[in-house]
Every structure is written in structure tokens, then in C-alpha cells.
Amino acid sequence: MPTTNTDQLVNASLKLRRKKERRFKMLGILAIALALCFLVTLMVSILSKGIPGFFQYYITLSVDLDRERLDPIGDLSDQSLFDGQANKIVQEAIFLKTGATSRNEKRAVRKLLSNGSDTRLISFVKSNPKLLDSTQKLKFALDDDADSYFRGFVKKQTPEKQRRLSDLQIEYLDTMNKSGLISYQISDYLFFGSASRNAEMAGIKGAAIGSLLTLTVCFLISFPIGVATAVYLEEFAPKNKFTELIEININNLAAVPSVVFGILGLAMFINLFGLPRSIPLVGGMVLALMTLPTIIISSRAAIKAVPPSIRIGALGVGASKVQATMHHVVPLAIPGMLTGTIIGMAQALGETAPLLMIGMVAFIVDVPGSVMDPGTVLPVQIFMWADFAERMFIQKTSSAIIILLLFLILMNGGAIWLRKKLERRW
Amino acid sequence: MTQGHINAAFDEDLEALDALIAKMGNLALSQYIAVIDGLSDENSDLHSLIANDKKIDQLETEIYNKTVEIIAIRSPQANDLRRIITAPKIASFLERIGDYAKNIIKRRNMMLVEENDLVILESLNNISEMARELLIDALDALSRKDAVKAKLVWEGDVELDDEHSVVYKTIYHRMVEKGSSPAEINALFIAKNIERIGDYCTSIAEQIYFIVHGEMLDEQRPKVEITP
Amino acid sequence: MADLDKTIVKCSNVSVFYGENKAINDISIEIERQSITSFIGPSGCGKSTFLRTINRMNDTIEGCHIEGQVMVDGQDIYAPSIDVVPLRAKVGMVFQKPNPFPKTIYENVAYGPRIHGLAKNKSHLDEIVEKALIGAGLWTEVRDRLQDTGTGLSGGQQQRLCIARAIAVEPQIILMDEPCSSLDPIATSKIEALMSELSNDYTIIIVTHSMQQAARVSQNTAYFHLGNLIEYGDTKEIFVRPQDPQTEAYISGKIG
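Chains as they are written, first to last, in numbering that gives the first Met the number 0: chain A, 0 to 425; chain B, 0 to 227; chain C, 0 to 255.
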């Protein structure tokens, strides 16, 4: 019961306040719901396209591992196996299974198998030399057109001339399927294969290693320089117009479009220093330039967050400024610095534009062995795959996106876990 | 006494104050004992009495200063506060007791002229002994902060007052019989001084009771009126 | 000449400026060796600022400069040749809010001796740590958990840890800037009792906003007001018969 004048006034305005609050709350909930809708749509779209990309169709064939034919020289060397008849052996196996005899039939059937089947056989022989001269059941990937048929992208209804597979090929595929020779399982090409024009053989291994090397270079350059810069600017630099200017510039650099760093890298590292294009070393250096402002800013914030009482306590005991900073402030700021660095690395992982500028878009088949070997990175690989028309590439693109997102989630999650674990009470 | 203060220096200050009071009390007591023991003896030593009296006065000043100091420095509370605030008062009572002892000896010296003065002096024996007991009890209660004993002292003054009446009547009748002389008048004064000493013992007892219980002994102290 | 031995800190005409603003106005004072001296006065009167001149902690404040002379144990500590690092080992400091390092209890105390090279080997360092913790009255409470973090202790224990940290480097003087203001009364009493013991070996200068505390613990008291030293003398004299009416007014609670 309102008893005083103030109480009455408060109660009178209460109804309007509650109404406003309810409205505001509804707006908030609506916004969140909308965002969630978008998120769900995005996830569903990616997952529905990408999950199938993790799987492939394989055909099981009985292969006669004739030693003399496979390993003519007899020493299981690469040269010998290369000279051997692995290709023919695989083809004979599938001709047998399908009953293809005429030249037309054989041509049709040959196209159903992946081009890399011989490589598959050779690597099997290399790892299991004891099984030579026996007959083994091996799985080989189907060609991407055949694979697309089973996924439903190549339809029987379309007229033959507009299809990628002939009626004959479809007949063979159906027969093999009925005989139970076709299986649908996790693709080992996606993770362990490198870039390839053949969609069924395309994989992210090269790009993943390239990303790893590039990020390592980026970390090794940007972390020490960034942390040292932050420590110097926060603790030791005199506070004057010059240092203020530096601070403004660093903050602005964080907002510069990343492609600009690519141009800078092109002009300086490649043209001026004469470093080769498309290598993880240069890619790492460009990404380091890009990540430095982020690391410096978050490191400065971490250092600022250390309470002055810690510094004063150290100074009071007779520590010099350097000792107080290195023994007390920096160790306490490391969690924040690391968190900022990991987030910066996660951003760098997803960068495409600057790396395109320095040429990491070339089609590289080999996995880069060192930072000086040409390579590419995961987002660029996705970018390239998105260009190709084959249906399987579309799916694999989405799969690669899922993999990239997983890495990003892992890194960001790691940063959060690290921050929680190392959080200290002052 | 319960546990000491976290800051030991505070305990030391309180003990120092207690020591001063105890010293003063002992001096006052020894003054009194010397006086009544020497009542029948002509050759008692005045000089040491006067010297001791000076010491008693000095101690009162010391206790006063120490009290002010402790209050300023320690900000005492509760029991500590009561102990400290009563110290100067107790000191002044002890000083008065010392003074009365001095007066008694002066009166006695004025008395010793004739032989039968000794008879009068004899009659003062009882009351002087009673007062001695009372003073010893009071000082004992003081040193142990014993409220029970203090109450006994407080009540025991009645008997002293009774005895004072008796002595008064005795001397009064003698004066009526034989006519007054300086001897009898001085004897009356001596008796009065002794009675006053008893009163001060009571006052000390009241302070002790206050220290322990935080209240003054409220009931009307039994008082005996002198009627001839 | 006997005075030279008795005096450990001698400030002559010291003025302290924060930029243009004069915070301490021409103060001269002599601090007695192995005594406890307290600085009292209302908020903002400059007592903390003045305290910090004795270990040059004001150097860490931008724009703060000093005029006048501060002699510690016969040395002019603002002479250009003086290195503040050993000075701060000689003149230790305990702060208002306990600020132990977020390290183990052992490490908190061992840090100072280690950086100053006071320990010959690990067992010597252990001894130094133990001695400091005993001196701070903390040893019995933490002897079994030296590897626990210092920040896990209670407020009073943390402050005693900070005291242990200060005495581990064997200072001559310990400066205390309102060390008990964030502690409860019992923790405060413990620290006050500790101060009496410490004053046998060290000279202690304490800034306090509690007059009662100054009265309880110190032998000498200095009263500051608006950057000036109003009165300085024996604590008992100051609290029983202050000479200056301003002192009297502050102590009786007549001014804020």
C-alpha cells in the first residue's frame, strides 16, 4: 500500500516501466531467435553439403598380386613398381567382375575406376610385401562421375547425350551394386590425399601441412616481437607524443584490410628481398605482419590488467624495473597474451586474400616438406575447389569448410580453456 | 584476571599502575600500624613518619599522571576502563588515610602529659585494632580485586562506627565526672580520625566493587548515629 | 655527536612537488634509530607522500620531484650516484592493502634475498626464509604449507607475509603505509604487537590515520597538516599535552 507521496509516484510510473521492459525484452529475444535461425540455417546447409563429402564410394575387387608383374626388378623400389603393371592388373580385375570384353565395354568400365587406383595398389604392395603372389580383396575408389551417380547427381532420366555417364556405364554400375561390390565409407582421400584435378582423389593434406607450416612461421615471428613490443611500450617507453603516435598507428593497423598486407609482402619480401613466391615462409611473414597489431594490443591489455600493487611490491623489495617486469608482471600477463595470440592465429588460419597476393594459389600437388617449398593453405584450397564444377568438389569444398571451422573452434576453445585455467586471483 | 591483551605493553601499563597503588597502600598501612603501635609509646619516630607521608603524596601524583597517560595512549574499555578510572580516586583515599595517621600521632603527642592519659589511650585500643583489621582487609580486597571481600569491608564499617560510639560515650562520661581536659579532647579527635579511616576503607571498597561489577554499592550504607 | 648515532633518518627542508602542485612544504625532521615513529594527520595532508621520500618510491610517480635533503644512515639518498635498488633493500616498505606476490609463500619471502644475492646456497636461503617468517610471527602458521600460494592466506596473515618479505632482505628501516587499515581489529592488534618486537631490531616509521593506533604503538609522533609538519615529539607528550593548538584540535577530534 503506498503510504507516502514518493511511494505513490513510484507506483504510478511502475506500469509504464514494466511495459517498456517487456518490449525491450521481446526485442532482445526476437533478435536472438533471428540470429539462431540464421545460424541453424547456415549449419544445416554446410553440414548437409559437407558431411557426404567425408564419404566416398568404393568398389571391392579381387586382385591378383602377381609379383613378377608388379615388381619386375624384384626389389620393391619405386622405380620397379612404377615400371610394373599395377594399372593393368587393376583393370583386369574390374573387367573380370563386370564381364567387359569388347573394346567399347572395356573403355566404358575403365572410366568407372578412379585414376589413382594404380597408385593405391602400389602403396598397398609396398606396405604388405608379404602378400605378394596371393589374391587379395582390395577397395578402390570410384571415379567421381560414377560416385556422383550413386549420390544421385547423375540421373537416369536425363537424356544420354546430356549425361556424364553412358547407359552402358550405368548398367555396369547397377550390376556391380546389386552384386554388393559397391560400398559407401569414410573417404581416406579427403584427409590423406593432396590437391588433384580428380575430384575423388582430392584431399586437404597438402593444404593442411601448408597451413601448419605457414602458421608456425607466423607464430615464431609475431609472438616474440609482439610480446616484446607490448612489454616495452607498456613498461619502459617514456610517455610522450612519439609513443602516443606509435600506439595510434598500431591500433589502426589492426583495422587495415588484410589484402594490403599481401601487397606489402609482394612488394617487400618477393620483389625487394627476392624470396620465392608461394612458400610458407613468405606466407608466414605476411601473416605475421597482419597478426602483430592484434598480439600487441591484446598483450598490452594483459599487461595493463596486472594491478600496480604487484609492481610496487616488487620495487619495494628492491627489484629493478626490469626485474619487476620480467619476474612479476609478464608471468601474470602471459595467460592474456597467449589467449590473444591464439585468437590472432585463428584469424590468420582463415586468411585468404593476403596469401593470394603472394601467390599461394598455385596448383601444388606435392606436400610441402619445408617452409621453402611451395605450398598452399586450407582456405585457399577451399577457394580453388569452389571454382571446379564437379559435384564431388562441391561436396568436398563444404567438407573442407567443416574441417576449417573445426580447427577454428578448437583454437578458440583452446584459448578460452587456457584463459580459464590460468586465471589468477591477485 | 582473565587473559592478557594481545599487545603486552598494555598489560605492563596496567601492572605498573597496580604496583603504584599497592605501594601506596602498603605505605599507608605501615604508617597507620606504626602510629597505633606507638600510641602507648612515647618515643615514636616522627621523622620517618613525615618522610613516608611525603612519599605517599608523591605516589598520588604519580598514579594520577599514569592514569592520564594510560587513558590517552591505550583508550581502555570496559573492565580496563573501570580499573583505570578508579585508580586516582583510590589513591586520594589512601592519601587521606596517610594524612589521618599523621594527625593521630600529632594528637597523641599533645596528649601525653599525665599518667591517667594512658588509661584513655588504652580505651582506644579496641577501635584502633578494628580499624587496622578493616584497613588490611580493604587493601587485600584491592590487590585481588575481590568484590566479595570488598562488600564485607563495606558492611564491616558498621562495627567500627559502633565502637566509635562506645569510645565517645566513655570519654564523654569521664569528662562529665572529672571535668574536661586536653587529654580527653585529643582522645576524641583520635577516635574520630580512626573512624574516618574506617570510612575511607569503605570508600575504597566501593571502588573495588565498581571495578568488578560496574555498579556502585547502592544500598544505604548502614550508619550508626552517635547519641550520648 | 651522540645525536648522529641516535638519528637514522634526517630530512632537511624537504619539499615534494607533483608537477606544479606542492604537496610537502619544507619539512625537517629527525627519526630516531630503532624506535617506532608515527605520522598522523587528516587525509591528504601528505604523510604518505613524505613517507615515500624515504625509500624513493615517489620516483615511480610521473612528474614527482623533490627539493631538500634526505639522509639515511648518513647517506644522501637523492645524490645522483645513489642506486635506488639497494636503497629499497635497506629501507623496506609495507603497503596499505596487503600485496603478496601471486606465488608460493616461500617464493614471496625468498624473492628479495635471491635478487640481492644474499643466500649462498639453497639451505642458506631456506634459513633466511624461516628467520623472516619467524620474525613476522607467521612461521608456526605456515611452516607446513610453504608451497601454498601467498594469496590464499587471510588478510592479517598476508600482511604479515608482506612484513616477512620486507625483513628478509635485512633492512634497517621499515616503512609502513597504513598497514592495518584493511584488517579487522584482532589482526590489527597482532600486527601492533609484532611492531613492538620488530622495533628491537629495526627502525619503524608508520603512517596511520588512526590516532589511537599511533598512541598505542609509537614512541614518537609527527603531526602533518596540508603538507606541513605541525608538531613532532614524544608520543605521550603529544597525546597528553600537545604544544600546538592545531595538534590539540586534530587529536581531540575537533577538525577532520
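From the three backbone atoms N, C-alpha and C, an ideal C-beta is built for every residue, glycine too. Please read all numbers here as calculations on a predicted model, not as lab measurements.
Checklist line | Where R73(B) meets chain C, residues with beta-carbon distance less than 8 Å | finding: A214, R215
Next item on the list: State yes or no: is the beta carbon of A313(A) nearer than 9 Å to at least one beta carbon in chain C?
Entry: yes
Checklist line | L263(A) (DSSP reduced to helix, strand or coil) | finding: helix
Notebook entry, point to check: Under the three-state reduction of DSSP, which class applies to M215(B): helix, strand or coil?
Noted result: coil
Checklist line | CB contact flag (I258(C), V8(C), <9 Å) | finding: Residue 258(C) falls outside the range modelled here, since chain C spans only 0 to 255, and no answer is possible.
Notebook entry, point to check: Can you give, in chain order, each stretch of the alpha helix (DSSP H) that sits fully within the segment 28-93 of chain B and has at least 4 residues?
Noted result: 45-73
Item checked: Proximity winner among Q206(B), A182(B), I20(B), K105(B), relative to I49(B) (alpha-carbon distances) -> K105(B)
Margin query: So if DSSP puts Y183(A) in a beta bridge, which residue, or which two residues, is it bridged to?
Written below: Y56(A)
Notebook entry, point to check: What is the residue span of the beta strand (DSSP E) that M70(C) lies within?
Noted result: 63-71
Notebook entry, point to check: chain C beta carbons: is any one of them nearer than 9 Å to that of K238(A)?
Noted result: yes
Item checked: Neighbourhood of S186(A) by C-beta distance below 7 Å, restricted to the same chain and skipping five residues each side -> F53, F54, Q55
Check: Helix, strand or coil: which one does DSSP assign to A140(A)?
Finding: strand
Margin query: Taking 9 Å as the threshold (C-beta atoms), are T375(A) and I363(A) in contact?
Written below: yes
Checklist line | Nearest residue (CA-CA) to I65(C), options K96(C), N12(C), S42(C) | finding: N12(C)
Margin query: Let me see if you follow: with CB-CB separation under 9 Å, is E68(B) close to chain F or not?
Written below: Looking for chain F here will not work: the only protein chains present are A, B and C.
Notebook entry, point to check: DSSP beta-bridge partners for K9(C)?
Noted result: E29(C), M70(C)
Next item on the list: Give me the Cα-Cα distance between I190(C) and G155(C), rounded to the nearest whole angstrom.
Entry: 8 Å
Notebook entry, point to check: Would a check of beta-carbon distances place Y105(C) closer than 9 Å to chain A?
Noted result: no
Notebook entry, point to check: With contact counted as at least three CB pairs below 8 Å, one residue from each stretch, are the segment 341-354 of chain A and the segment 255-263 of chain A in contact?
Noted result: yes
Next item on the list: Please state whether DSSP places M23(B) in a helix, a strand or coil.
Entry: helix
Next item on the list: Would you mind telling me which residues of chain C sit closer than 9 Å to G335(A), beta carbon to beta carbon, in chain order?
Entry: By Cβ distance, chain C contributes nothing, its closest Cβ being about 14 Å from G335(A), past 9 Å.
Margin query: Considering only DSSP beta bridges, list what M92(C) is partnered with.
Written below: L174(C)
Check: On the three-state DSSP scale, how would you describe V62(A)?
Finding: strand
Notebook entry, point to check: With burial defined as no fewer than 16 other Cβ atoms inside 10 Å of the residue's Cβ, what is the status of N107(C): buried or exposed?
Noted result: buried
Notebook entry, point to check: In three-state terms, what does DSSP make of G374(A)?
Noted result: coil
Notebook entry, point to check: Which value, in whole angstroms, describes the spacing of the CA atoms of A1(C) and I28(C)?
Noted result: Caution is warranted here: a pLDDT of 46 is assigned to A1(C), below 50, making its placement in the model unreliable, and the coordinate value is therefore given only provisionally. Near 17 Å, if we compare the C-alpha coordinates of I28(C) and A1(C).
Check: Would you say A11(A) touches the ligand ZN, meaning its beta carbon is less than 8 Å from a heavy atom?
Finding: In the structure on display, the ligand ZN does not appear, and there are no ligands present to speak of.
Check: My guess is that Q156(A) and Y57(A) are in contact by the Cβ rule of under 8 Å, so how many angstroms apart are they, rounded?
Finding: About 26 Å separates the two Cβ atoms, so there is no contact after all.
Next item on the list: Compute the Euclidean distance between the alpha carbons of S122(C) and T48(C), then round it to the nearest angstrom.
Entry: 39 Å
Check: Where do the ends of the beta strand (DSSP E) carrying G232(C) lie?
Finding: 227-233
Margin query: Check this for me: beta carbons of K54(B) and A86(B), under 9 Å apart or not?
Written below: no
Note to self: Which residues in chain A have a C-beta closer than 9 Å to the C-beta of P178(C)? List them in chain order.
What the structure shows: Within chain A, no residue comes near P178(C); the closest Cβ sits about 13 Å away, beyond 9 Å.
Check: Does the segment 262-276 of chain A touch the segment 193-211 of chain A, meaning 3 or more C-beta pairs lie closer than 8 Å?
Finding: no
Checklist line | Segment limits, beta strand (DSSP E) that includes F223(C) | finding: 219-224
Notebook entry, point to check: Closest Cβ-Cβ distance between T246(C) and chain B: below 9 Å?
Noted result: no
Next item on the list: Tell me the start and end of each unbroken alpha helix (DSSP H) in the segment 96-148 of chain B that is at least 4 residues and wholly inside, in chain order.
Entry: 116-122, 124-143
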